[in-house]
Amino acid sequence: MSSPTVGVHSTNPTTMPAEHARLPVWNAENWFYEDFEVGHKIRSLRRTISEGESMQFNALVTDMHPYVADEIFATTEGQFGRRLVAGAFVFSAGLGLVATNCINAFSYGYDKLRFIKPTFIGDTIYTIRTNMEKRPKYKELGLIRASYEVFKGEGELVLYCEHLQTVKYRNAADFEGQARDSGQTEKTAEK
Numbered sequence: 013m014s015s016p017t018v019g020v021h022s023t024n025p026t027t028m029p030a031e032h033a034r035l036p037v038w039n040a041e042n043w044f045y046e047d048f049e050v051g052h053k054i055r056s057l058r059r060t061i062s063e064g065e066s067m068q069f070n071a072l073v074t075d076m077h078p079y080v081a082d083e084i085f086a087t088t089e090g091q092f093g094r095r096l097v098a099g100a101f102v103f104s105a106g107l108g109l110v111a112t113n114c115i116n117a118f119s120y121g122y123d124k125l126r127f128i129k130p131t132f133i134g135d136t137i138y139t140i141r142t143n144m145e146k147r148p149k150y151k152e153l154g155l156i157r158a159s160y161e162v163f164k165g166e167g168e169l170v171l172y173c174e175h176l177q178t179v180k181y182r183n184a185a186d187f188e189g190q191a192r193d194s195g196q197t198e199k200t201a202e203k
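The sequence shown maps to residues 13 to 203 in this note's numbering.
Here it is in structure tokens:
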């Protein structure tokens with residue numbers, strides 16, 4: 013990236029004191045499509061998944077499957093001999109570890125989500141994000157594909173997925189005529 017972008021931009025909200033609104037926002041970037049570099053990697057901090065947060069997630073999404081919520085079942089009848097962390101939580105926490113608040117990017121979806129190995133209460137996870145590809149998509153937005161690999165312990169892969177994001181161009185004129193959908197929405201492109 014040619015110039016620093018992390019924390020440079022602020023949304024400048026009018027609902028707080030002006031001197032606060034002018035401060036750069038932590039973990040916020042103003043990257044544009046042109047700033048994303050294919051092959052760029054980042055690694056998150058590590059994070060241990062506790063029983064309390066695992067059960068809180070289960071309750072929040074009403075996932076009371078015996079493998080994630082029933083200690084007796086998990087230890088006496090379950091295939092792994094202990095309770096699992098719900099895959100949806102591993103996905104959410106893993107992606108959250110490398111999430112940035114880029115105000116020019118919008119989640120488009122996820123591909124190839126796979127739960128490679130089980131994650132258990134007490135496991136420590138971290139994530140590596142790799143920018144895989146980018147291409148013009150719409151008149152004002154390009155498409156970025158990044159892989160997310162969530163590891164536990166000292167490098168055991170437990171989850172893989174690819175995140176698709178649409179990202180604003182800094183200068184849309186540079187991509188005129190290159191966009192696959194030429195400014196159409198998905199619904200009009202499907203017709």
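We treat Cβ as the ideally placed atom computed from N, Cα and C, and that holds for glycine.
Of all the options the options, which has the alpha carbon lying nearest to the alpha carbon of residue i?
i: A184; options: E168, K151, N116; result: K151
i: W38; options: N113, R59, H52; result: N113
i: E145; options: F103, V179, E166, N116; result: V179
i: G121; options: A33, L176, P148; result: L176
i: V50; options: I115, L155, E188, Q190; result: L155
i: A105; options: R59, E188, Y45; result: R59
i: L107; options: F69, R55, G134; result: R55
List the residues that DSSP assigns as beta-bridge partners of residue i.
i: L153; result: K180
i: H4; result: This structure leaves residue 4 out entirely; the chain is present only between 13 and 203.
i: I140; result: R55, E161
i: F127; result: L171
How would you label residue i, buried or exposed, when you count the other beta carbons within 10 angstroms and need 16 or more for buried?
i: E41; result: buried
i: E206; result: Nothing in the structure corresponds to residue 206, since the chain is present only between 13 and 203.
i: Q190; result: exposed
i: T200; result: For T200, the pLDDT reaches just 40, beneath the cut-off of 50, and the residue's location in the model is therefore unreliable, although a value from the coordinates is still provided. By the neighbour-count rule (16 or more Cβ atoms within 10 Å), T200 is not buried but exposed.
i: A71; result: exposed
i: P16; result: Legend: pLDDT at P16 = 48, less than 50; position of this residue unreliable, no value from coordinates given.
i: P29; result: exposed
i: L153; result: buried
Going by the CB atoms, is the gap between residue j and residue i shorter than 8 Å?
i: F103; j: P130; result: no
i: G141; j: V110; result: According to the sequence displayed, residue 141 carries Arg and not Gly. In contact: R141 and V110 (Cβ atoms closer than 8 Å).
i: E168; j: A158; result: no
i: R94; j: F132; result: yes
i: T136; j: E161; result: no
i: N116; j: F44; result: yes
Nearest chain B C-beta to residue i closer than 8 Å, yes or no?
i: Y120; result: Reference to chain B is not applicable here, since this structure consists of a single protein chain.
Margin query: What ranges does the beta strand (DSSP E) occupy inside the region 23–95, keeping only unbroken runs of at least 3 residues that lie completely in it?
Written below: For the region 23–95, whole beta strand (DSSP E) runs of length 3 or above, ordered along the chain, are 53–55.
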